[in-house]
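Following: one structure in C-alpha coordinates, then a few remarks.
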Amino acid sequence: MMAVSQVAVCALMCALVVVVFVEGMPRPGPPARVGYAQHEEPLDYHAHPKYSYKYGVSDHHTGDIKSAHETRDGDVVKGQYSLVEADGTIRTVDYTADDHNGFNAVVSKSGHAVHAPILGHERP
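With mature numbering (1 follows the signal peptide of the UniProt record, and there is no 0) as the guide, the letters of the sequence shown map in order to residues -24 to -1, 1 to 100.
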(Lines of atoms letter the chains of each structure in order from A and count residues from 1; the text may use other names and numbers.)
(Lines give C-alpha, C1' and ligand atoms only; values in the text may rest on other atoms or scores of the structure.)
Protein backbone atom coordinates (compact mmCIF):
# COMPACT_ATOMS: atom_id res chain seq x y z
CA MET A 1 0.00 0.00 0.00
CA MET A 2 2.86 2.20 0.74
CA ALA A 3 4.07 2.09 -2.87
CA VAL A 4 0.65 3.11 -4.22
CA SER A 5 0.41 6.12 -1.93
CA GLN A 6 3.93 7.18 -2.89
CA VAL A 7 2.98 6.96 -6.59
CA ALA A 8 -0.20 8.96 -5.91
CA VAL A 9 1.74 11.64 -4.02
CA CYS A 10 4.34 11.79 -6.79
CA ALA A 11 1.61 12.13 -9.43
CA LEU A 12 -0.10 14.85 -7.39
CA MET A 13 3.18 16.74 -6.99
CA CYS A 14 3.91 16.49 -10.73
CA ALA A 15 0.42 17.81 -11.53
CA LEU A 16 0.91 20.68 -9.08
CA VAL A 17 4.29 21.54 -10.66
CA VAL A 18 2.68 21.58 -14.13
CA VAL A 19 -0.16 23.83 -12.93
CA VAL A 20 2.26 26.24 -11.24
CA PHE A 21 4.49 26.24 -14.33
CA VAL A 22 1.59 26.92 -16.70
CA GLU A 23 0.12 29.61 -14.43
CA GLY A 24 3.50 31.35 -14.24
CA MET A 25 3.95 31.51 -18.01
CA PRO A 26 3.23 34.82 -19.70
CA ARG A 27 -0.14 34.97 -21.39
CA PRO A 28 -0.50 36.21 -24.96
CA GLY A 29 -1.80 39.76 -25.18
CA PRO A 30 -4.31 41.13 -27.65
CA PRO A 31 -3.34 40.81 -31.32
CA ALA A 32 -1.14 43.57 -32.69
CA ARG A 33 -3.01 46.31 -34.54
CA VAL A 34 -2.15 46.62 -38.19
CA GLY A 35 -2.69 49.95 -39.91
CA TYR A 36 -1.66 53.54 -39.80
CA ALA A 37 -0.27 55.29 -36.76
CA GLN A 38 -2.61 57.54 -34.88
CA HIS A 39 -2.30 61.25 -35.63
CA GLU A 40 -1.47 63.39 -32.64
CA GLU A 41 -2.86 66.56 -34.22
CA PRO A 42 -6.18 66.81 -36.05
CA LEU A 43 -6.14 67.26 -39.82
CA ASP A 44 -7.40 70.57 -41.15
CA TYR A 45 -9.61 69.69 -44.12
CA HIS A 46 -10.34 73.37 -44.81
CA ALA A 47 -6.74 74.56 -45.05
CA HIS A 48 -5.77 76.74 -48.01
CA PRO A 49 -4.33 74.35 -50.66
CA LYS A 50 -1.01 75.54 -52.00
CA TYR A 51 1.69 73.51 -53.73
CA SER A 52 4.13 73.46 -56.59
CA TYR A 53 5.90 70.55 -58.27
CA LYS A 54 8.12 69.82 -61.23
CA TYR A 55 9.57 66.66 -62.76
CA GLY A 56 11.19 65.48 -65.92
CA VAL A 57 12.50 62.37 -67.65
CA SER A 58 15.18 62.34 -70.32
CA ASP A 59 15.99 58.77 -71.35
CA HIS A 60 17.52 58.93 -74.82
CA HIS A 61 18.03 55.17 -74.88
CA THR A 62 14.27 54.47 -74.84
CA GLY A 63 13.18 57.81 -76.28
CA ASP A 64 11.15 58.64 -73.16
CA ILE A 65 11.55 62.40 -72.92
CA LYS A 66 8.96 64.42 -71.02
CA SER A 67 8.55 67.11 -68.39
CA ALA A 68 5.80 68.68 -66.31
CA HIS A 69 5.27 71.39 -63.74
CA GLU A 70 2.22 72.62 -61.88
CA THR A 71 1.34 75.17 -59.22
CA ARG A 72 -1.79 75.56 -57.13
CA ASP A 73 -2.84 78.45 -54.95
CA GLY A 74 -6.32 77.99 -53.54
CA ASP A 75 -8.71 77.08 -56.35
CA VAL A 76 -6.39 78.22 -59.16
CA VAL A 77 -4.20 75.59 -60.84
CA LYS A 78 -1.70 76.36 -63.63
CA GLY A 79 0.66 74.00 -65.33
CA GLN A 80 2.39 72.69 -68.40
CA TYR A 81 3.59 69.33 -69.64
CA SER A 82 5.45 68.33 -72.76
CA LEU A 83 6.56 65.09 -74.36
CA VAL A 84 8.33 63.88 -77.45
CA GLU A 85 5.90 62.04 -79.72
CA ALA A 86 6.83 58.89 -81.64
CA ASP A 87 7.31 60.94 -84.84
CA GLY A 88 9.83 63.24 -83.14
CA THR A 89 7.54 66.25 -82.67
CA ILE A 90 7.09 67.83 -79.26
CA ARG A 91 3.59 68.15 -77.84
CA THR A 92 3.20 70.88 -75.22
CA VAL A 93 0.05 71.39 -73.18
CA ASP A 94 -0.46 74.58 -71.15
CA TYR A 95 -3.44 74.39 -68.82
CA THR A 96 -5.28 76.36 -66.18
CA ALA A 97 -8.20 75.51 -63.95
CA ASP A 98 -10.25 77.62 -61.58
CA ASP A 99 -13.76 77.73 -60.20
CA HIS A 100 -14.81 80.53 -62.60
CA ASN A 101 -13.48 79.32 -65.99
CA GLY A 102 -13.20 75.59 -65.35
CA PHE A 103 -10.42 73.59 -67.03
CA ASN A 104 -8.77 75.08 -70.13
CA ALA A 105 -5.91 73.56 -72.10
CA VAL A 106 -3.97 74.83 -75.09
CA VAL A 107 -2.17 72.11 -77.05
CA SER A 108 0.66 72.94 -79.42
CA LYS A 109 3.09 70.91 -81.51
CA SER A 110 6.57 71.90 -82.57
CA GLY A 111 9.28 70.32 -84.64
CA HIS A 112 9.11 68.28 -87.83
CA ALA A 113 7.76 64.76 -88.03
CA VAL A 114 10.32 62.15 -88.96
CA HIS A 115 9.00 58.79 -90.08
CA ALA A 116 11.13 55.66 -90.05
CA PRO A 117 11.58 53.97 -93.41
CA ILE A 118 9.43 50.94 -94.11
CA LEU A 119 11.62 47.86 -94.05
CA GLY A 120 10.99 44.67 -95.96
CA HIS A 121 8.93 46.20 -98.77
CA GLU A 122 10.81 46.73 -101.97
CA ARG A 123 9.19 48.57 -104.81
CA PRO A 124 9.38 46.99 -108.26
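Glycine included, C-beta positions come from ideal geometry on N, C-alpha and C.
Quick caveat, the model's predicted, so the values are computed rather than measured.
Within the region 25 to 66, the complete beta strand (DSSP E) segments at least 3 residues long are 26 to 35, 40 to 49, 52 to 60, listed from N- to C-terminus. With respect to the C-alpha of residue 62, the residue from 90, 82, 83 having the closest C-alpha is 90.
In this structure, the beta-carbon distance from residue 59 to residue 42 falls below 8 Å. Non-local C-beta neighbours of residue 84 in its own chain, meaning closer than 6 Å and more than five positions away in sequence, comprise 68, ordered along the chain. Ranked by Cα distance from residue 23, the options 51, 76, 32 are led by 51. In this structure, the straight-line span from the alpha carbon of residue 54 to that of residue 77 is close to 12 Å. Taking the Cα of residue 36 as reference, the smallest distance to any Cα among 94, 64, 70, 25 is reached at 64.
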